[in-house]
Structure formats: C-alpha cells, structure tokens
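Trainee: Below you will find the structure I want to go over with you.
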Amino acid sequence: MDRSDLYRVISLIILYLLVGSGIYSIFFILPENAVGFTEYRILFFHLPSSIISFLSFTITLIASVLYLYKRDERWDDVALASARIGIIFITIAIVTGAIFSNVEWGRPWNWDPKQTTTLILWFVYAAYLSLRSSIENPEVRARTSAILGIFGYFTIPLTYFSTRITTSLHPSGSATLTPLMGEVLLLILCGFLLLYYHLLAYQIHLIRLSRLSEVREE
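Numbering (my numbering), first residue to last: 14 to 231.
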C-alpha cells in the first residue's frame, strides 16, 4: 500500500466515524426537548446536503472559469464531476425538505420561495448534465457546458437570499440551534465534506477513463 492509498483509507475511516457518530447522536444522544419534534431530526441531513450541493456547484463554477481560461480538459472533468455530485445532494435536500414540510405544514410542497428557487436550481443543473450528453464534439461540449456552469451559478444566490428578501415558511438563521445540536450538525457536515471529496475523486477517475475510451475508439 503506497502513501496515497494509506491516506485514502484513513480519510474513509474518519468519514465513517464522523457520520456514524453524528447519526448515533441524532437518534440516541440529543434529548427530545432539544430537538423539538422528532421530524426535526431530518434537518440534520437536509442542511448538510444543501451546503454540499452549494459547494459542489461552486466548484463547478470555478472549474468552468478555469477551463475557459486555460482550455485544459482536466478542469472540464472537475466541473462535470462536481455537478454530478451536486445534483445528488440537491435532490436529497429537496426530498428531505419536502418530508419536513409535510410534517410541519401539512403538505410536502407549498411553493414556498425557498422550495421554488431550489427546484429551479435543480432544473438548471439537470439541464447542464443533459446538455453535455447531447453534444458529441468534446471541445464544443466542454465550452458550452462551461458557459452554462458559469451563468447557471446565479441561481445559487437566488436560492440563498430567497428567505431574506421575501416572506417564507423556510426557517432562516441558527437561533433555534442549541450548542449540542450545533456540534452534532458539525459532525454530520464534516462527514459529508469528506464524502464529497471521495465522490469527487471517484467521479473524476471515471470521467477520465471514459475520455480515454473515447480516444481509443477514434
């Protein structure tokens, strides 16, 4: 086992410990009165998923800019890999948010500004992935995707500020978090960050294998 493999194994162990400890704390350590209602436990997965999706799309933005600047296909690989991960995490955020909404407000979908802008965000990056699969020329695909990856990012601040500029059912701020809840949330978030890192590395590896396969077929 070389050093990089050792680091990978160690980080995976830390990942399992962080997420495992967080999940255990959510269900067995947090007192009922600290959580408020049982359904609030889902927010410990909803919020980190939202944060990781925003991080993923931010990396897609940065990689897209770097691709247009350097014309290096490796940055296109990073942009695609991060967008794929982001769409997974934003889907988790939408589903967990709908579950919470159903319990808290009686309906899974209320067309709340936060829900609506998050759904728009999902469609933008779903279109990004769909567009990539529809363009055969690698250079045109990378350039067009980079442009969409940059302009599509403007849906992120729209989603973030939707609860601040309009009336929304969606909670804002962290005033309801106790110190213990904050610590558990941090555990889950750190675990999700490590998970993002490993998924990103794996996706980049798969994309580059696919690129090599395309070159050989030509």
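Every residue, glycine too, gets a C-beta built ideally from N, C-alpha and C.
Leaving out the 5 sequence neighbours to the left and right, which residues in its chain are closer than 7 angstroms to valine 32 when beta-carbon positions are compared?
Mentor: Only Ile201, Gly204 meet the Cβ criterion.
Trainee: Put glycine 165 into one of helix, strand or coil per three-state DSSP.
Mentor: In the structure shown, glycine 165 sits in a helix (DSSP, three-state: H, G or I).
Trainee: Nearest CA to the CA of arginine 54: which residue from Tyr215, Gly195, Ile220, Arg221?
Mentor: Ranking Tyr215, Gly195, Ile220, Arg221 by Cα distance to arginine 54 puts Gly195 first.
Trainee: Count the other CB atoms, across all protein chains shown, that sit within 10 Å of the CB of lysine 127; report buried if there are 16 or more and exposed otherwise.
Mentor: Its Cβ being crowded by 16 or more others within 10 Å, lysine 127 is buried.
Trainee: Would DSSP call serine 187 helix, strand or coil?
Mentor: In this predicted model, serine 187 has a pLDDT of only 49, less than 50, meaning its place in the structure is not dependable enough to derive any value.
Trainee: Does the pairing of the stretch 77-84 with the stretch 111-119 give three or more beta-carbon distances under 8 angstroms?
Mentor: No: the two stretches stay apart, fewer than three of their Cβ pairs being nearer than 8 angstroms.
Trainee: Within 10 Å of its beta-carbon, does phenylalanine 167 have 16 or more other beta-carbons around it, so buried, or fewer, so exposed?
Mentor: Looking at its Cβ environment, which holds fewer than 16 other Cβ atoms inside 10 Å, phenylalanine 167 is exposed.
Trainee: Does DSSP put alanine 47 in a helix, a strand or coil?
Mentor: Low local confidence applies: a pLDDT of 48 at alanine 47 is under 50, so the model's placement there is unreliable, with the coordinate-based value given in what follows. Reduced to three states, the DSSP call for alanine 47 is helix.
Trainee: So, for leucine 144: in the same chain, excluding its five sequence neighbours on each side, which residues have a beta-carbon less than 7 angstroms away from its beta-carbon?
Mentor: Correct list, in chain order: Thr157, Ser158, Leu161.
Trainee: If you reduce the DSSP assignment to three classes, tell me which class asparagine 115 lands in.
Mentor: It is helical.
Trainee: In the stretch 72-151, which residue ranges form an unbroken beta strand (DSSP E) of at least 3 residues, counting only runs that do not cross its ends?
Mentor: Runs of the beta strand (DSSP E) inside the stretch 72-151: none found.
Trainee: Distance, Cα to Cα, tyrosine 141 vs threonine 71?
Mentor: The alpha-carbon atoms of tyrosine 141 and threonine 71 are separated by roughly 14 angstroms.
Trainee: If you measure between the beta carbons of serine 38 and valine 197, is that distance less than 8 angstroms?
Mentor: The answer is yes: Cβ separation under 8 angstroms.
Trainee: When you compare only the Cα positions, how much space is there between isoleucine 169 and arginine 87?
Mentor: Each residue's Cα considered, the two are about 24 angstroms apart.
Trainee: According to the neighbour-count rule (16 or more other Cβ atoms, all chains shown, within 10 Å of its Cβ), is tyrosine 20 buried or exposed?
Mentor: Tyrosine 20 is exposed by the Cβ-count criterion.
Trainee: Would you identify the three-state DSSP class for aspartate 15, choosing helix, strand or coil?
Mentor: Coil at aspartate 15, not helix or strand.
Trainee: Could you tell me the alpha carbon to alpha carbon distance between isoleucine 133 and serine 223, rounded to whole angstroms?
Mentor: Answer to the nearest angstrom: the Cα atoms are 30 angstroms apart.
Trainee: Suppose you measure from the CA of alanine 155 to the CA of alanine 111; what does that come to, to the nearest Å?
Mentor: Roughly 34 angstroms between the two C-alpha positions.
Trainee: Quick check on the burial criterion: 16 or more other C-beta atoms within 10 angstroms. Buried or exposed for arginine 84?
Mentor: Classification of arginine 84: exposed, given that the 10 Å Cβ count is below 16.
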